[in-house]
Amino acid sequence: MLYLETPIGVGFSYSTNTSSYEAVDDEITARDNLVFLQNWYNKFPNYRHRDLYITGESYAGHYIPQLAKLMVEFNKKQNLFNLKGIALGNPVLEFATDFNSRAEYFWSHGLISDSTYNMFTSVCNYSRYVSEYYRDSVSPSCSKVMSQVSRETSKFVDKYDVTLDVCISSVLSQSMAINPQQVSERVDVCVEDKIVNYLNRKDVQKALHARLVGVRRWTVCSNILDYQLLNLEMPTISIVGSLIKSGIPVLVYSGDQDSVIPLTGSRSLVSRLAKELELETTVPYRVWFEGKQ
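Residue numbers for the sequence shown follow UniProt numbering, so the first one is 1 and each next one is one higher.
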């Protein structure tokens, strides 16, 4: 299994030329990823004929289809990539559909009131708010709606899993003291903080042969990369369709407690694409069980 930190500047990846961090966009990222894979296969040619599957989540709904498209096009000239499929978890595939499904998700899970839901769908939907935010021009109406949504969902709801606690150590300590019987089987909601601390240990960085260049600490989100965030608005669902047409299998899967890129939006996009491609259902949509859970 090969883990790729992309675009350059995230995680432990770095460039000796700081201009590499400027005005980075989806097109540049896809091209860089293709060049990386070409170089990797040149260095490790014994892997060339291995089946290759590419997976990722969230914004990988942009990165992976765009990379896979370049790989398919490259193979028409030189058959290098033995790409057998891609898998996308809670992916951003179409800005408006994915982001606006948040209102339905919040409302259906009892996280916002009826009146707030109506405002969130008619006065200012989430895609409009994000679009205005990235342009530094949030309208008063959107500001009002989002303030109300934030107030009702509160800081005590984990947007990535609405059934979990949030990482507030004092609250968790109190909860464990009151309900000690629940401590043995629980998700560690502070795992991200622990990962950050772990990856900033010098011995860990040495073991990973990692270098911190241009930054003092490893962070979850890079603060040195100038990414063209408006690329978020470009749909990639059509690229997914073209990959399917070219014979590349695509798996779209969703964690159903994620309100950031909700299942509801992904499901409607996949259903619409299937109709456009005139695909027939061979196995009905179903829950994903792992270990009887």
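No residue lacks a Cβ here, since even glycine has one placed at the ideal position from N, Cα and C. The structure displayed is predicted, hence computed values, not measured ones.
Ignore the nearest five residues each way along the sequence and tell me which others in L277's own chain have a CB closer than 8 Å to its CB. G241, I244, K245
Helix, strand or coil at I261 according to DSSP, with G and I counted as helix: coil
Taking L111 and V166 to be in contact with their CB atoms under 8 Å, please state how far apart those CB atoms are, rounded to whole angstroms. About 13 Å separates the two Cβ atoms, so there is no contact after all.
Cβ pair count under 8 Å reaching 3, the region 70 to 80 against the region 23 to 39: yes
Limits of the unbroken beta strand (DSSP E) element including Y253: 250 to 253
Once the 5 residues before and after R286 are set aside, which same chain residues still bring their CB inside 7 Å of it? none
Hey, how far is the Cα of E22 from the Cα of S122? 37 Å
Would R50 and N82 qualify as a contact pair, given that the criterion is a beta-carbon distance under 8 Å? yes
Can you tell me whether DSSP reads I54 as helix, strand or coil? strand
According to the neighbour-count rule (16 or more other Cβ atoms, all chains shown, within 10 Å of its Cβ), is Q66 buried or exposed? buried
Rounded C-alpha distance that separates P180 from V187: With a pLDDT of 43 at P180, under the threshold of 50, the predicted position of this residue should be treated as unreliable, though the coordinate-derived value follows. P180 and V187: Cα-Cα distance of roughly 14 Å.
Assign D203 to one of two classes, buried (16 or more other C-beta atoms within 10 Å of its C-beta) or exposed (fewer than that). exposed
Could you give the first and the last residue of the continuous beta strand (DSSP E) run that contains L34? Note, L34: premise wrong, no beta strand (DSSP E); alpha helix (DSSP H) at 26 to 43.
Would DSSP call K155 helix, strand or coil? coil
Please name the residue in L2, L4, E5, G11 whose C-alpha comes closest to that of V196. G11
Which residue or residues does DSSP assign as beta-bridge partners of A87? T55, L251
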